[in-house]
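Asks: Pasting a structure below so you can have a look.
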Amino acid sequence: VALVSQKAANGSAVHMQKMPRCETEKAIAAYERAKAMDPENAELAVRIGRALVSTHDYQRAVRYYRDAVASDGVNFTVLADLATLYWRLGAPDHAISLLTEAPAHQSEPDVGETVERAIERVNCTLLMCKIYRDSQKPDAATEALLRARGFQEHVLHHMMRSETQETIYQQKIVAATIALELGGYYASIGDAQRAKEFYQEARMYDESNEEVLLAIARLLLDGGDATACEEQCNAVLRISPKSEEAVVILADVMIRQHRFDDAAQHFSQILDETPDNYKALVQYVRLLRHAGRLGDAEKVLERAEELLPLGQRHPSGLSFARGLYHRYCYENLEALRAFNAARLPVDDSPWSIPALTNMIEMYLFSSNEELWVDTVLRDEDKNENVRIAERLLLQMPDGESRDILQGYCWMASKKRSLVERAIKEFKQICATSETMQQHQGSFNDEKDAKEEEKDEDERLLSDANRPPQASGRLNVPVRVGLAIAYFIAGLEKKAAAELKRIVYMPFDPITIDAVHRARLLAAHMSILREDLKMAQGILQKNIEVNKSCPQTWLMMGSVHEIGMSHDEAAECYENAWKLTKERDPSVGYKLAFHRMKSGKIVSAIDVCRKVLEVHPSYPKIHEVMDACCSLLRP
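Residue numbers for the sequence shown, in the working numbering: 4 to 637.
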């Protein structure tokens, strides 16, 4: 909330903070002498008070302000300074009480009052709003902001007749700021209609305000009106061609429309201008993953690295982008090194927690195989990777993300007691985090599950185009974890019930990774049931939004392999082979085998040789090599 204040007094306070304490004391003494000669000078009173605050002599500042208010209680700037000081000292109730006693607050708007008094009333209410908001009183803050809006309308409609155009413009900016704040509040609580009304009001007062136009664009995007949102962003870019926020929202529109190449192009333009814009760089790497163009990332990463002085440690944002690239390329060692660099120093980097999260996930999913591939529950201790993940987890702050990762650690242990504990934890998180009514079928007990028909899995994973409608927002990452835990525990029908609610959800950049994993599990379950059509449809949805996942291509290859379609299987395995940079011998073996089966003998031999160059002792590849050579003999 912007407060209209005296620039001279503010500039003086900033200057005071930069002065040595002894110089500040001399300035205070000089101000006091001047005040003694001119007791009615309110600006001097403000300067003295702010100078005292700048020296951190708060008790003396409070005493001075109290005396100033007592001697001249009508000066709003002095009163507002004292209220702000109370607030900053942890006494918001004192601040609010003082502001309610201000003459501007106690009087009602009147066309006969001065412009100054009318503006003071607005500023007083805005300061109260700010204090309420900081005190975690959103209802009171919103009520104050609505009152401020009404007071500002009074200023504009009744008090500006004899004012200059510059003053009128400044007051319109204040009105636009208030309306923008209100629009943001209603957008945050999901009241899109009221948010739209206030954003339009803000635009009426300040047509070229970029922040207002972007807020409208975000509202349109959240409301699903991609076309209008795109038009709004383009309007912003015509006004401000270098508006990074407009480009980000526009790219988000394209992402939701699966136009990943177009979105990547926008971020490429940002990086051409500022190669060290690490937020854009990270998003660019993610987009290239969706588009299946990870090879384009290396050049951009190298350009960002070339800007650094020789020998300088990589900034955390650059290390994080590098880590993502290596992780997406399944270069685990390089990825872990980069993420480890990105998370340090721990308390001073916005990339620390995301990097730590990626490291934990990599230790839990260290290969192309997901947690559900091995469902044999054990009683022995956890493996070393799980131990490392749990040690890293200790460095995560408390919260839902940490709880979810803890659940994954328990699942990865494959110990029955810990898998059951993960189920309990995920259900508890769902109960506390979701506002929707729980679907009763998600939590049926084991007795009910046994009484279900044998084809229940097929029914639960069918109706692809008619996903269930919920009255609230699902906690997708937790629901996916719960589905995996159910499957590992042998509760396939409960897993299917959870997956049905997720696998056909529309694209959302926030939940796409969790939905991607849910689709892999759903496809795995369909393959086990030999429902190849269902599996193929689910996997195709993954490919539409992420063309860089080897596991998806491997599973699609398995579908074609079961169906004896060797050409299609070879094509899928070739994609997986390229995405793993031709390093995974198991993928190379499958590609070589199906090329041989489809009659491409020479091509199969080439793959065999590449596998043997890196893994000379890999046993199965020799069999394919020998078979191919025998087929070439006359």
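All C-beta atoms in this analysis are idealised placements derived from N, C-alpha and C, irrespective of residue type, glycine included.
Please work out which residues of its chain come closer than 7 Å, Cβ to Cβ, to L223, disregarding the five sequence neighbours upstream and downstream, and give them in chain order.
Replies: Closer than 7 Å at the Cβ level, and outside the excluded window around L223, lie A231, C232, Q235.
Asks: Check the C-beta distance from H565 over to T555 and give it rounded, since I have them as a contact under 8 Å.
Replies: Looking at the sequence shown, residue 565 is not His but Ile. The pair is not a contact, with the Cβ atoms about 16 Å apart (cut-off 8 Å).
Asks: First and last residue of the alpha helix (DSSP H) that includes K550?
Replies: Taken as a continuous stretch (DSSP letters only), K550 belongs to no alpha helix (DSSP H), as it is neither H nor E.
Asks: Which residue marks the beginning of the alpha helix (DSSP H) containing V647, and which one marks its end?
Replies: With the chain running from 4 to 637 in the structure shown, residue 647 is simply not present.
Asks: Does K623 come out as helix, strand or coil in the three-state DSSP assignment?
Replies: If DSSP states are grouped into helix, strand and coil, K623 belongs with the helices.
Asks: From P357 to L367, what does the alpha carbon distance come to, in whole angstroms?
Replies: Their Cα atoms are separated by approximately 16 Å.
Asks: Going by other Cβ atoms of all chains shown within 10 Å of its Cβ, with 16 needed for buried, is C632 buried or exposed?
Replies: Per the 10 Å Cβ criterion, exposed.
Asks: Does the beta-carbon of L336 have 16 or more other beta-carbons within 10 angstroms, so that it is buried, or is it exposed?
Replies: Per the 10 Å Cβ criterion, exposed.
Asks: So L130 and A86 are in contact, right, with Cβ under 8 Å, and what is the actual spacing, rounded?
Replies: The Cβ separation is near 6 Å, so the contact holds.
Asks: Just tell me which of I258, D225, G226, I219 has its CA closest to the CA of V239.
Replies: It is I219.
Asks: Does the beta-carbon of G298 have 16 or more other beta-carbons within 10 angstroms, so that it is buried, or is it exposed?
Replies: Exposed, since its Cβ has fewer than 16 Cβ neighbours within 10 Å.
Asks: Between which two residues does the alpha helix (DSSP H) holding S271 run?
Replies: Per DSSP, S271 belongs to the alpha helix (DSSP H) from 263-276.
Asks: Could you check what DSSP says for L634 in three-state terms: helix, strand or coil?
Replies: Helix, per DSSP.
Asks: In three-state terms, what does DSSP make of R586?
Replies: If DSSP states are grouped into helix, strand and coil, R586 belongs with coil.
Asks: Is K603 helix, strand or coil when you go by DSSP?
Replies: K603 falls in the coil class under three-state DSSP.
Asks: K581 by DSSP, collapsed to three states: which one?
Replies: It is helical.
Asks: Is the CB-CB distance between F154 and V125 below 8 Å?
Replies: For F154 and V125, yes; Cβs fall inside 8 Å.
Asks: Enumerate in chain order the residues of its own chain whose CB-to-CB distance from S100 is below 7 Å, with the five nearest sequence positions on each side excluded.
Replies: Nothing listed; no residue qualifies.
Asks: Does the pairing of the stretch 326-341 with the stretch 283-302 give three or more beta-carbon distances under 8 Å?
Replies: Because the criterion of three Cβ pairs below 8 Å is met, the stretch 326-341 and the stretch 283-302 touch.
Asks: Would you give the residue range spanned by the alpha helix (DSSP H) that N643 belongs to?
Replies: Nothing about residue 643 can be read from this structure; the chain reaches only from 4 to 637.
Asks: Relative to the C-alpha of V177, which residue among K503, A144, R197, A151 is closest?
Replies: Considering only alpha carbons, the answer is A151.
Asks: Can you name the start and end residues of the alpha helix (DSSP H) that V379 belongs to?
Replies: From DSSP, V379 is part of no alpha helix (DSSP H); its letter is neither H nor E.
Asks: Rounded to a whole number of angstroms, what is the C-alpha to C-alpha distance between L102 and L347?
Replies: Taking the straight line from one Cα to the other gives about 45 Å.
Asks: Can the beta-carbon of L502 be found closer than 8 Å to that of A525?
Replies: Yes, the pair counts as a contact, with Cβ atoms nearer than the cut-off.
Asks: Can you round the beta-carbon distance between L284 and A267 to whole angstroms, since I take them to be within the 8 Å contact cut?
Replies: The Cβ separation is near 12 Å, so there is no contact.
Asks: Can the beta-carbon of L408 be found closer than 8 Å to that of I363?
Replies: Going by C-beta atoms, L408 is nearer than 8 Å to I363.
Asks: What does DSSP give as the partner residues of K418 in its beta bridges?
Replies: DSSP, once it has assigned bridges, lists R381 as partnering K418.
Asks: Would you mind giving the Cβ-Cβ distance between Y287 and F270, rounded to the nearest angstrom? I have them listed as a contact below 8 Å.
Replies: Yes, Y287 and F270 are in contact; Cβ-Cβ is about 4 Å, under 8 Å.
Asks: Ordered along the chain, which non-local residues of its own chain (more than five positions away) have a Cβ less than 8 Å from that of S529?
Replies: Around S529: L464, L535, M537, A538, I541.
Asks: Can you give me the C-alpha to C-alpha distance between Q443 and S436, rounded to a whole angstrom?
Replies: Per-residue confidence for Q443 stands at a pLDDT of 34, beneath the threshold of 50, marking its modelled position as unreliable; the derived number appears in the next sentence. Straight-line Cα distance between these residues: approximately 17 Å.
Asks: Could you check what DSSP says for D137 in three-state terms: helix, strand or coil?
Replies: Three-state result, D137: helix.
Asks: In whole angstroms, what is the alpha-carbon distance linking E213 and W354?
Replies: Their backbone Cα atoms lie some 28 Å apart in a straight line.
Asks: Using the C-alpha atoms, what's the distance from D265 back to M257?
Replies: Spanning the two alpha carbons is a distance of roughly 7 Å.
Asks: Return the CA-CA distance between I134 and D228, expressed in angstroms with no decimal places.
Replies: Spanning the two alpha carbons is a distance of roughly 36 Å.
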